[in-house]
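Under the numbering used here, the first residue of the sequence shown carries the number 480, and numbering increases by one thereafter.
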Amino acid sequence: MTTASPTRPRPATGQALHTARARVRTAVRTLDARTPAHRDRALDGLRALALLAVPTGHWLLGGFTLDAGGALHNASPLTALGFLAPASWLLQMLGIFFLVGGHSAVLSLRRHTARGGSTPGWLGGRIARLGRPVLGVTAVWAALVPLLHGLGVPTATLRTGATLVIQPLWFVGIYAVVTALTPYCAAAARRAGLWSALPLLASVAVVDFLRYGPFAAAAPSWLSLLNLLPGWLFGYQLGVCWGERRLGRRAAWALLLGGAALFAALLLFFHYPASMVGVPGQDRTNSHPPSLLVLALAAAQSGAAVLLRDRLAALLRRPALWAPVVVVNLCAMTILCWHQTAMFAAAVPASFAGAVPGLTTAPVSLGWMAARLAWMPLFAVLLLAIGHLTRRFEAPWTGAGRARRALAAVLAAGFAAFALGYA
């Protein structure tokens with residue numbers, strides 16, 4: 480008769496990995512179980528996708544050069560590698576973000592008022608959720624600037640970092656404005672349906688014609704600013720229409736095909752810049768403020784999102800896919816506010832070492848792009864570490880008195896003055 484061999488004990492490392500996997504599986508199942516049945520997983524998935532596109536785009540399409548004094552300056556691989564511009568079509572997903580934001584906002588406002596709440600109260604809560612992380616990141620940076628300068632980081636490098644931090648925060652201000660317009664957007668959607676977005680498209684088209692057409696020489700420099708609100712409100716209005724059930728599959732197909740056709744026509748016949756992000760040295764830009772090309776892309780993306788909603792919702796029924804979506808949504812403002820700091824945290828130490836491929840060398844070759852891809856996992860780890868410390872800024876500041884809030888506001892104002900070159 481044979482005897483069973485004794486079970487060998489797991490090595491310490493193997494046991495630790497087994498325990499970690501078990502904890503992850505438990506956390507994943509818990510997140511799935513705690514998700515209400517009525518939760519629209521597709522919307523959260525779209526929001527997570529749009530959020531992750533922001534750091535991915537900035538990390539891939541933003542680089543640094545190192546001057547003779549060891550200071551870092553912003554640069555873009557699109558200046559030398561213009562053929563990579565189509566990558567920005569995939570990474571520019573703000574149209575999706577505004578679409579989901581409009582859909583979520585109109586439903587949130589409806590629930591709030593149904594419970595007896597007021598519209599100003601709802602809006603105040605939304606603005607506070609946007610403002611707390613912005614105040615936090617700018618206040619922390621205001622404290623970091625003199626500290627880093629004392630450690631020998633050049634002033635030019637600090638201004639480069641400040642520019643990176645400020646760069647994505649314009650979005651928060653625009654988003655706050657369009658959020659305040661939610662009641663009016665909802666009324667327009669109920670009255671005119673998808674047609675309520677057409678005046679926004681027409682407004683941007685008129686401004687583009689004036690600044691790029693035969694009268695461009697006479698157009699004032701501030702004219703492009705007129706596109707700021709209608710340009711970004713367009714996607715939000717589409718989302719409000721979706722939330723009001725005025726954007727069905729037929730309209731979604733029209734948005735997808737019409738947006739794609741307009742996008743192609745603007746590129747081929749009207750010579751719009753191919754990049755969806757600004758490229759140093761180019762006299763025209765699509766995103767700041769948005770051009771008609773941005774709205775065409777937003778229309779096509781929005782149509783695709785509506786058409787794929789059911790499939791995405793079914794896919795996210797899988798707990799392993801749903802869990803990261805939950806985490807990303809819970810840390811949305813942290814990702815937006817701190818992802819540039821994560822990249823900067825890797826580049827500054829490298830600047831003291833000299834030319835480091837993918838970090839401090841000029842982004843002028845495919846070799847640089849390959850090196851940058853290799854650095855991106857480090858950026859992600861740094862963002863996780865920074866987010867672990869800073870995510871508290873997203874929660875209500877219940878423990879902060881008036882004095883601390885006033886100090887944070889003063890620090891934030893000081894940092895803004897430094898970033899904009901006034902200090």
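Note that beta-carbon positions come from the ideal geometry of N, C-alpha and C, so glycine has one too.
Going by DSSP in three states, residue i sits in which element: helix, strand or coil?
i    : result
F577 : helix
A698 : coil
H517 : coil
G542 : strand
H552 : strand
A792 : helix
P828 : helix
P803 : helix
P759 : coil
L768 : One point to set straight first is that residue 768 is Pro, not Leu, in the sequence displayed. Reduced to three states, the DSSP call for P768 is coil.
V613 : helix
M480 : Low confidence applies here, because M480 scores a pLDDT of 49, under 50, leaving its location unreliable; read the following figure in that light. Coil at M480, not helix or strand.
C664 : helix
F748 : coil
M572 : coil
T820 : helix
C810 : coil
E723 : coil
Using CA coordinates, which residue listed in the options is at the minimum distance from residue i?
i    : options                : result
T544 : F749, T636, A532       : T636
R638 : F823, A885, W847       : F823
D511 : G893, P798, A826       : P798
A892 : L531, H750, A621       : A621
G714 : A784, Y751, W854       : A784
R518 : L563, P693, V804       : V804
I606 : I645, V651, S587, A547 : V651
L539 : G833, L845, Q716       : L845
L771 : M855, R513, Y691, G672 : Y691
V719 : N808, L673, D789, R508 : L673
G574 : L774, A832, R508, R500 : L774
A516 : G629, A793, L530       : A793
R670 : L623, V656, E723, F831 : E723
L680 : L707, V656, A753       : L707
Q780 : S597, W701, P556, F576 : F576
A832 : D546, A668, D762       : D546
Have a look at residue i and residue j and give me their C-alpha separation to the nearest angstrom.
i    : j    : result
L614 : P769 : 25 Å
V632 : L734 : 49 Å
A432 : L868 : Examination of residue 432 is not possible in this model, given that the chain is present from 480 through 902 alone.
C810 : L525 : 15 Å
W847 : L838 : 9 Å
G595 : L586 : 15 Å
A641 : F897 : 8 Å
A495 : A849 : 34 Å
W649 : G610 : 12 Å
G548 : L815 : 31 Å
A618 : V806 : 25 Å
L560 : M755 : 14 Å
L551 : A874 : 34 Å
T658 : T840 : 41 Å
R608 : W876 : 10 Å
C664 : P599 : 15 Å
A697 : L689 : 9 Å
A532 : V503 : 25 Å
L899 : V644 : 11 Å
V507 : A864 : 21 Å
What residues in its chain sit with their C-beta under 7 Å from that of residue i, if we drop five residues either side in the sequence?
i    : result
L522 : V579, H582, S583
L835 : Note that residue 835 is Val in the sequence shown, not Leu. Excluding sequence neighbours, V835 sits near A829.
L800 : L794
G878 : none
Less than 6 Å between C-beta atoms, sequence neighbours within five positions excluded: which residues of the same chain meet that for residue i?
i    : result
H818 : P534, L862
I653 : W711
L741 : A775
W601 : L588, H591
A655 : I606, L609
Taking the Cβ atom as the reference point for each residue, do residue i and residue j lie within a distance shorter than 8 Å?
i    : j    : result
S682 : P647 : no
L776 : Q571 : yes
G542 : P842 : yes
G866 : T820 : no
G760 : S766 : no
A676 : L627 : no
V686 : L705 : yes
R520 : L736 : no
A826 : L857 : no
L588 : P662 : yes
G738 : A684 : no
L786 : R728 : yes
F872 : P556 : no
Please work out which residues of its chain come closer than 8 Å, Cβ to Cβ, to residue i, disregarding the five sequence neighbours upstream and downstream, and give them in chain order.
i    : result
M480 : Unreliable placement is indicated for M480, whose pLDDT of 49 sits below 50; the coordinate value is still reported in the next sentence. Excluding residues within five positions, none has a Cβ falling inside 8 Å.
A527 : P803, V804, V807, N808
V703 : The amino acid occupying residue 703 in the given sequence is Ser; Val does not appear at that position. Contacts found: V686, R690, P768.
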